[in-house]
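First up is the structure itself, then whatever we jot down about it.
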Amino acid sequence: MVYEAIRVDVDASSRVATITLNRPDKLNSFTRKMHAELRSALDEVEAAKTRALVLTGAGRGFCAGQDLAFEPGAETDLGALIDENFNPLVRRLQALPLPVIAAVNGIAAGAGANLALACDITLAARSSSFVQSFVKIGLIPDSGGTALLPRRIGMARALGLAITGDKLSAEQAQQWGLIWQVVEDADLPAAAQQLAAQLAQQPTKAIAAIKRAMHASTVNSFDQQLDLERDLQRELGASHDFAEGVAAFIEKRSARFEGR
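Under the numbering used here, the first residue of the sequence shown carries the number 224, and numbering increases by one thereafter.
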């Protein structure tokens, strides 16, 4: 499919898909068209049975959140905009049955910052930064921001970032545990692809179950979580990849996982 606001590339050999937000003149801020194209692209990625996804931005920024220059005649009810676009996107990324890597280049602001944090692993270029810019225009962090921030960095830091709207450097974000890793700017694309290719060789069925269990842990009681671990482990114990992993261990060879 041909897209205007994004680019989609699928490497058939590594089975890694890369989706690039492609409105560089607007710091890849979201419009309804971009949301619609991204939904279609995620359908395409799943249908192609890719085994890892990289999400990044074109130009000098990852994503500046919502394009505040609303399209003429477009719905400006922010609750409806979030309900129809941003919330389904964040839920979709967290539910995808494959690892999702955010490669953050430049600024990640507003919903763009929280989009990056909603991915499974967030890599950031050293010069990049994260900013909860919502308060600057009289809003609250959305797209999962009020959940993701305090869970990862604690309430004091989360409130500080949200109330001041101050910019957080990539290095500080890594030190605080907000993101996974900082890499040199020039190394970011290769580092993201290398990590995605590595994860694509792993048992992606188990990775999907890990994602499900980790996200469930934020709402489950300890007993509920123990039961979920039991149920998921039972399912994985009957999988091809478990049998292959054990056989490879015994035979002292590399496992050939298939995600089933």
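Note that the Cβ used here is the ideal one computed from N, Cα and C, for glycine as well. The structure presented is a predicted model; accordingly, all values stated were derived computationally and were not measured.
Item                                                                                    : Value
Environment of residue 426 [buried if 16+ CB atoms lie within 10 Å]                     : buried
Alpha-carbon spacing of residue 431 relative to residue 313, whole angstroms            : 15 Å
Assigned secondary structure, residue 462 (DSSP; H/G/I helix, E/B strand, else coil)    : coil
Cβ pair residue 348, residue 420 closer than 9 Å                                        : no
Under 9 Å between C-beta atoms of residue 276 and residue 323                           : yes
For residue 280, the nearest candidate out of 356, 412, 449 (CA to CA)                  : 412
Identity of the residue in 328, 299, 302, 310 nearest residue 245 by Cα                 : 328
Given residue 271 as reference, the closest of 237, 247, 254 once Cα atoms are compared : 237
Neighbour-count burial assignment, residue 445, 16 or more Cβ in a 10 Å radius          : exposed
Neighbour-count burial assignment, residue 389, 16 or more Cβ in a 10 Å radius          : exposed
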